[in-house]
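Remarks on the structure that follows.
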Amino acid sequence: MHITIRKPAVGGAALAAAGLLMPLLGVPSATAVASGAAAGPAVPFGSHTFPYAAGTLKPSGSQSTLDQAVVKTYNAWKSAFVKKNCGNGWYEVISPDADHPYVAEAQGYGMVITATMAGADPDAKTVFDGMVKYVLAHPSVNNSNLLAAEQNSSCKSVNGSDSATDGDLDVAFGLLLADKQWGSSGTYNYKDLAVKRINAIKKSEINPTTHLTLLGDWSDSGESHHWMTRSSDWMLDHFRAFKKATGDSTWDTVRTAHQKLITGQQSTYASSTGLLADFVVNTNGTAKPAPGEVLEGPNDGDYSWNACRDPWRGGADAVTGGGRASLASARKMNSWIKSKTGGDPNKIVTGYRLNGSAFDSGHDMAFTAPFAVTALTDPGSQAWLDALWKKIAGTSIDPGSYYGGSVQLQSMIVASGNYWVP
769 MHITIRKPAV GGAALAAAGL LMPLLGVPSA TAVASGAAAG PAVPFGSHTF PYAAGTLKPS
829 GSQSTLDQAV VKTYNAWKSA FVKKNCGNGW YEVISPDADH PYVAEAQGYG MVITATMAGA
889 DPDAKTVFDG MVKYVLAHPS VNNSNLLAAE QNSSCKSVNG SDSATDGDLD VAFGLLLADK
949 QWGSSGTYNY KDLAVKRINA IKKSEINPTT HLTLLGDWSD SGESHHWMTR SSDWMLDHFR
1009 AFKKATGDST WDTVRTAHQK LITGQQSTYA SSTGLLADFV VNTNGTAKPA PGEVLEGPND
1069 GDYSWNACRD PWRGGADAVT GGGRASLASA RKMNSWIKSK TGGDPNKIVT GYRLNGSAFD
1129 SGHDMAFTAP FAVTALTDPG SQAWLDALWK KIAGTSIDPG SYYGGSVQLQ SMIVASGNYW
1189 VP
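For our numbering, count along the sequence shown from 1 and bump the result up by 768.
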């Protein structure tokens, strides 16, 4: 069974900016041309090929300034966390603040980020292919088309070598992005690999009765967590992409089931806040927030270190055309946090009960940055969005905090108008 335990971030050391790659926004890189990929990526970072839903806000300032802020954060993130520590032509994302040096969630983040940043990073395809090689070398013991959730400092799979759903969802999504960026006739057939992973997710990580995400491929029908789901795995835009890639209407069913669950949980348990719990139990009956510790800790039923990603995930679906349910869900969370903090991002803390009362007093980008994405959805939140963007873009990546840094960067990609769904 896979459980990712996060260590509190230590220190706030800023990463030196020296030696960072300069962005080549929208321009095929010399590396790409030399390798024969003269056309470069099809959707270079900064091209804004895919418009967001009508009425979506954007942080104030020129588009180029917003894009440059993302590239700066990306270069710092890459320098801190993208490694070649284990040879074999692998690139892997290291997670110093998780319970293992390499976790599936991190590899998924790495693939999505790298494919999205192609055009700003001339080495994106090389890095991405190294990440694919790493993923393929670490299959789950339960389904070889899924990723083993945890590796040790030698990049050897440990702790059962089974999967974690969030990592697999992002790996499949990243492969679809890569197929659109570079095509699938190179070293790896990205589209084929993506479809195999999507079908493996359907088989091993979607509950066939509820159509909700399982925690991993280890939670079969006889396992005690089978009727439990984690809110940060509810990646609605990924389900849209999976339907488009496969033509499998199951993904419409999966998406609808999750949207109904989100709406129901918000209205029943968080009517004034819109907050979701880290874990929801009893999905085969009356689904409800976890009653205390069910997997990770005493705050499993609160808005804690998993659910803090929900504004980013739900907001990303809303702004990329996910429809009214996602929009309403995102706006509810935005309205509450803007009021709760009085419009001051510095007052966002690391943990809330679903009624909005804080149970912790720390600060972390994993909690702050996602609210910039929900702010995009409300025409009356320009000042709030600008305050959030200033806070996020002005916060240096902490090389000891892969989790907060990865959520920070991906929230900035969405908020700046650079996210797209293949």
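Note that CB positions come from ideal geometry on N, CA and C, so glycine has one too.
Residue burial classification, residue i (beta-carbon count within 10 angstroms, cutoff 16)
i, result
"D985", "buried"
"R1092", "exposed"
"A800", "For A800, the pLDDT reaches just 36, beneath the cut-off of 50, and the residue's location in the model is therefore unreliable, although a value from the coordinates is still provided. Buried, because 16 or more other Cβ atoms sit within 10 Å of the Cβ of A800."
"A917", "buried"
"D835", "buried"
"A1009", "buried"
"M1070", "It is Asp, not Met, that sits at residue 1070 in the sequence shown. D1070 is buried by the Cβ-count criterion."
"D930", "buried"
"V1189", "buried"
"K1159", "buried"
"E860", "buried"
"A1151", "exposed"
"G1130", "exposed"
"P1113", "buried"
"T1118", "buried"
"P1057", "buried"
"K1115", "exposed"
Proximity winner among the options, relative to residue i (alpha-carbon distances)
i, options, result
"V895", "P864, E1064, L943", "L943"
"N1102", "N1050, S1129, L1044", "L1044"
"H979", "G935, S1017, A932, S952", "S1017"
"N920", "A872, L982, G898", "A872"
"D1085", "R1099, A844, P869", "R1099"
"G808", "A946, D1146, A962, V926", "A946"
"N957", "S922, L983, V900, K826", "V900"
"E973", "V839, D897, D1001", "D1001"
"D934", "G814, R1077, A844", "R1077"
"V909", "S925, G898, Y902", "S925"
"G1162", "M1180, G857, T1051, D1146", "M1180"
"I966", "P869, N913, S1040, A883", "N913"
"L713", "I881, S1040, Y1037, D1046", "With the chain covering only 769 through 1190, there is no way to say anything about residue 713."
"M1133", "K948, H906, V1175, L915", "V1175"
"S1125", "K971, W1104, F1139", "W1104"
"Y902", "E1064, P976, A874", "A874"
"V939", "S992, G876, T997, T981", "G876"
"T1054", "M996, A822, S830", "M996"
"K1012", "S847, K959, M885, G1148", "K959"
"L904", "G1185, G1111, N856", "N856"
"Y842", "P1059, M885, V880", "M885"
"A883", "S863, A837, G951", "G951"
"T1109", "S1097, E991, L1095, T1136", "T1136"
"T981", "S953, N927, N1052, G1042", "N1052"
"A1025", "T1041, G1042, S1040, S999", "S999"
Own chain, CB closer than 6 Å to residue i, minus 5 neighbours either side, in chain order
i, result
"T824", "V1087, L1144"
"S828", "D1154"
"F1007", "W1019, V1022, R1023"
"A805", "Because A805 carries a pLDDT of 42, less than 50, the predicted location of this residue cannot be relied on, and no value is offered for it."
"H868", "E918"
"H994", "S987"
"A784", "Because the pLDDT of A784 is 28, which lies under 50, any placement of that residue in the model is unreliable, and the question is left without a value."
"A821", "V1087, G1089"
"A1038", "L1122"
"K826", "G1185"
Beta-ladder partner(s) of residue i, from DSSP
i, result
"R998", "F1047"
"D889", "A886"
"Q1150", "According to DSSP, which records beta bridges pairwise, Q1150 is partnered with nothing at all."
"T981", "I974"
"P907", "L915"
"K1056", "V1049"
"A1126", "Y1120"
"S931", "A916"
"S925", "Q919"
Cβ-based neighbour list, residue i, same chain, cut-off 8 Å, excluding 5 preceding and 5 following
i, result
"K964", "N913"
"A802", "Its pLDDT being 34, under 50, A802 is placed unreliably in this model, and the value from its coordinates should be taken loosely. So no residue of the chain qualifies."
"T1014", "V963, I966, N967"
Close-in-space but distant-in-sequence residues of the same chain around residue i (CB under 7 Å, 5 per side omitted)
i, result
"V850", "Y859, V861, G878, V895"
"D897", "T955, Y956"
"V811", "T817, K948, Q949, W1188"
"A1140", "L1153, L1156, W1157, I1160, S1179, A1183"
"D1005", "A1084, D1085, T1088, G1090, V1189"
"G1172", "A777, D1132, M1133, A1134, D1166"
"N970", "This sequence places Lys at residue 970; Asn is not what is there. Closer than 7 Å at the Cβ level, and outside the excluded window around K970, lie T1018."
*Minimum length 4: unbroken alpha helix (DSSP H) runs contained in the segment 1006-1035*: none
_alpha helix (DSSP H) segments (min. 4 residues) lying fully within the segment 1066-1109_ = 1078-1087, 1092-1109
*Note down, one range per segment and in chain order, each alpha helix (DSSP H) of at least 4 residues found wholly within the segment 819-889.*
831-849, 872-884
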